[in-house]
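Novice:
Chains as they are written, first to last, in the numbering used here: chain A, 1 to 117; chain B, 1 to 114.
#1: Say whether the region 62–71 of chain A touches the region 11–18 of chain B, bearing in mind that this needs 3 or more beta-carbon pairs closer than 8 Å, one atom from each stretch.
#2: Taking just the CA atoms, how far does residue 34(B) sit from residue 99(A)?
#3: Does residue 118(A) come out as helix, strand or coil in the three-state DSSP assignment?
#4: Going by DSSP in three states, residue 6(B) sits in which element: helix, strand or coil?
#5: Which residues does DSSP list as the beta-bridge partners of residue 65(A)?
#6: Could you tell me the boundaries of the beta strand (DSSP E) in which residue 57(B) lies?
#7: May I have a chain-ordered list of the beta strand (DSSP E) segments no shorter than 3 residues that lie completely inside the region 28–90 of chain B?
#8: With distances taken Cα to Cα, identify the nearest neighbour of residue 19(A) among 31(A), 81(A) and 89(A).
#9: Measure the C-alpha to C-alpha separation of residue 86(B) and residue 84(A) and round it to an integer number of angstroms.
#10: Report the neighbours of residue 32(A) on chain B: residues whose CB is nearer than 8 Å to its CB, in chain order.
#11: Give the secondary structure of residue 52(A) by DSSP, where H, G and I count as helix, E and B as strand, and everything else as coil.
#12: With a cut-off of 9 Å, does the C-beta of residue 90(A) fall near any C-beta of chain B?
#13: Can you confirm whether residue 104(B), when its beta carbon is compared against all beta carbons of chain A, has any partner nearer than 9 Å?
#14: Any Cβ of chain B within less than 9 Å of the Cβ of residue 47(A)?
#15: According to the neighbour-count rule (16 or more other Cβ atoms, all chains shown, within 10 Å of its Cβ), is residue 49(A) buried or exposed?
#16: Could you name the residues of the same chain whose beta carbon sits closer than 6 Å to that of residue 67(B), not counting the 5 residues immediately before and after it, in chain order?
#17: Let me check one thing: in DSSP terms, what residues is residue 95(A) bridge-paired to?
#18: Is the separation between the beta-carbon of residue 46(A) and that of residue 102(B) shorter than 9 Å?
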């Protein structure tokens, strides 16, 4: 069955430092991969997506992610973290097993990011 | 353009009571979804709809029912609430085709069942 693992439950980084959030997936075919962000008390917002092609994808708010098929990973990165990046981040894989064009998302359990001044 | 809205924002129920959560979207999206979010569990799909008048079960459908009588609305019902249904509920919507996975989320409904 498809699954998504985010190994880090909580990460704290200093403002201005670089960030990498890990995501590993289990999927039998070429996956559709996503990162969503959830600010406190809010719904989720799409940061970036990978369907095919260039394995390094750019998203909003200065985030990027790299798809590595050999490692079954899709890690999220940002060169310099801002205090406003404090949120919870969810990696997700698009599940095509429901058939047709129906695309359900399977989410990881999330990584909470705290930013120190 | 309000996006995805959810009503109510908060609700407290007693065990056995019923209620309906309303989701509305103004983006003319075909697909709509109901998720629940529990601490340490991520988001889990309850039910979804691929168009007006159609619904289907997701990962955790037991204890919930849904209806999509109008394209812009997706209702989630709890007929007899249980403490295990205490959660934050999110509605989402998307276009079809390759945009199916790009889901737009509402702000959530925090439900407590005592």
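Here a beta-carbon is modelled for each residue, glycine too, at the ideal position from N, C-alpha and C.
Specialist: According to the structure data:
#1: no
#2: In this prediction, residue 99(A) has a pLDDT of 47, which is less than 50 and means its spatial position is unreliable; what the coordinates show is noted afterwards. The straight-line gap from Cα to Cα measures roughly 19 Å.
#3: This structure cannot speak to residue 118(A), because chain A is shown only from 1 to 117.
#4: strand
#5: 57(A) and 76(A)
#6: 54–57
#7: 31–38, 42–51, 54–57, 65–67 and 73–78
#8: 81(A)
#9: 29 Å
#10: 101
#11: coil
#12: yes
#13: yes
#14: no
#15: buried
#16: 75
#17: 104(A)
#18: yes
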